[in-house]
Every structure is written in C-alpha cells, then in structure tokens.
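*Asks:*
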Amino acid sequence: MYIEIDSSDYRVLHPRPVYLVVSRDTHNVLNVMSASWITPVCDEPFLIVFSLWRGSKTYSNILETREFTVNVVDDKFIDKVWVAGTKSGRELNKWDLLDLKPVEPLRIKTPGINGSLGFLECVLKNEVVLNDTSLLIASVEAVRVNKELYEKYGWNLYRTKILMHSGGKGFTTTSKPLYPST
124 MYIEIDSSDY RVLHPRPVYL VVSRDTHNVL NVMSASWITP VCDEPFLIVF
174 SLWRGSKTYS NILETREFTV NVVDDKFIDK VWVAGTKSGR ELNKWDLLDL
224 KPVEPLRIKT PGINGSLGFL ECVLKNEVVL NDTSLLIASV EAVRVNKELY
274 EKYGWNLYRT KILMHSGGKG FTTTSKPLYP ST
C-alpha cells in the first residue's frame with residue numbers, strides 16, 4: 124500500500140553519492156564542502172550540474188575563479204564529509220580544520236583531495252538561478268582516479284565503498300553490488 128508524503132520531501136530520491144567539492148578564492152585559499160546534488164547531464168562533452176545554495180562560500184569561490192573539483196570519497200571520509208557539510212567556510216578554514224592534503228590538478232588550479240577515490244576537474248560554463256539555489260553547469264576538463272579501484276566500465280564495487288548520503292546523519296555505501304540475472 125502506498126501513502127502520500129510531503130511533496131517537498133526530496134529524500135525520496137536518496138541515498139545519493141556524497142562528494143567533497145573543493146573550491147578556491149582569488150587568493151588561492153581552499154574551501155571544501157559536502158554535496159550530493161551533483162549529476163552528469165551530458166557525455167560529449169562531459170558536463171555535470173551542481174545544485175548549490177548561493178549563500179555558500181563554495182558558490183562565491185566558484186563564481187570568482189570559475190572552477191572546482193568534485194572528489195569521490197569512500198566510507199573512510201564520513202567524519203570529514205559530516206564536518207564539511209555542517210560547518211561554514213565563511214566562518215572557518217575547513218580545508219585546514221580537516222587536515223586535507225592536495226593532489227595537483229592537470230588542467231585547472233584547484234586541487235583534488237589526496238586519499239579520495241578520484242576527482243573531476245571542472246570549469247563553470249553556465250548558471251541557472253532557482254530561488255536561493257543555482258544550478259551550476261560545468262565542463263569536466265580532467266578526471267583522475269585511483270587506478271587500483273577503477274576499471275573499464277567504472278568503479279570496482281567489490282573493492283570500493285563509495286559514501287552515500289541518506290539524509291541528516293544517515294549514510295550508507297556501495298558495499299553490496301547487485302547485477303541483473305539476464
């Protein structure tokens with residue numbers, strides 16, 4: 124039996140992968156935030172869309188520099204993801220607080236995060252304004268992955284536990300891969 128729930132309960136579409144997004148300001152001060160509302164929207168060229176609150180430090184940084192990285196993380200990052208998503212980059216330096224280490228990018232100036240499963244180097248192409256949120260459309264200029272965990276058709280789901288956010292303090296992983304029988 125189905126029941127009706129609040130039509131604004133977006134968690135019906137969760138769990139979703141949660142990423143750590145790294146941005147920098149014009150003084151090269153790094154910021155990091157957690158984000159689940161990121162998805163590919165085109166494969167040629169590779170474009171992603173990132174739904175982001177316009178009051179965030181990450182939003183300001185991306186508008187200033189027009190670039191950012193999206194870092195795929197596993198369950199070992201759960202505490203860093205929680206802090207990056209619950210603290211404001213306008214009030215403290217989350218990069219330093221979380222003791223993150225950079226991985227040199229190939230095509231942009233904003234680094235990836237050492238220890239992540241991989242990261243996308245993104246350049247802002249367009250913005251769609253929706254209320255207090257914007258959809259940032261970005262081209263993916265380079266992709267770096269841990270070569271031990273990524274295969275021809277994607278992540279080795281037997282060896283990775285990609286972190287996913289369910290809502291609030293609820294998280295899960297891709298720890299049990301399933302495949303269709305036919």
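Per this note's numbering, the sequence shown starts with residue 124, numbered consecutively. We put the CB at the ideal spot given by N, CA and C, even for glycine.
1) Please say whether V145 and P234 have beta carbons closer to each other than 9 Å?
2) Which whole-angstrom value is the C-beta distance of T149 and E190, which I expect to be below 8 Å?
3) Where DSSP assigns a beta bridge to I171, which residues make up the other side?
4) Using CA coordinates, which residue listed in L240, P228 and I236 is at the minimum distance from D219?
5) Let me check one thing: in DSSP terms, what residues is P140 bridge-paired to?
6) Assign S183 to one of three DSSP states: helix, strand, or coil.
7) For E214, collect the residues of the same chain with a Cβ closer than 6 Å to its Cβ; drop the 5 residues on either side in sequence, then sort them by chain order.
8) In three-state terms, what does DSSP make of R147?
9) Taking T209 as part of the beta strand (DSSP E), name the residues at either end of that continuous run.
10) If distances are taken between C-alpha atoms only, which option among I128, R177 and W160 comes closest to L253?
11) Would DSSP call R267 helix, strand or coil?
12) Mind checking which residues open and close the beta strand (DSSP E) that includes L220?
13) Counting pairs of Cβ atoms below 8 Å between the stretch 272-283 and the stretch 253-264, do you hit three or more?
14) Short of 6 Å in beta carbon distance, which residues of its chain neighbour W160, apart from the five on each side in sequence? Order them along the chain.
15) Go to V252, then tell me how far its beta strand (DSSP E) extends in each direction, as first and last residue.
16) Span of the beta strand (DSSP E) holding M156?
17) Quick test of your reading: T283 and T295, contact by CB under 8 Å. State the CB separation rounded to the nearest angstrom.
*Replies:* Let's see:
1) yes
2) The Cβ separation is near 12 Å, so there is no contact.
3) Looking at the DSSP assignment, I171 forms a beta bridge with P163 and A261.
4) I236
5) M287
6) helix
7) none
8) Looking at R147 - three-state DSSP - the assignment turns out to be strand.
9) Not the beta strand (DSSP E): T209 falls in the alpha helix (DSSP H), residues I201 to T209.
10) R177
11) strand
12) Element bounds for L220: not the beta strand (DSSP E) but the alpha helix (DSSP H), K217 to L220.
13) no
14) S174
15) G241 to L253
16) Per DSSP, M156 belongs to the beta strand (DSSP E) from L153 to A158.
17) Contact flag wrong, Cβ pair sits at about 13 Å.
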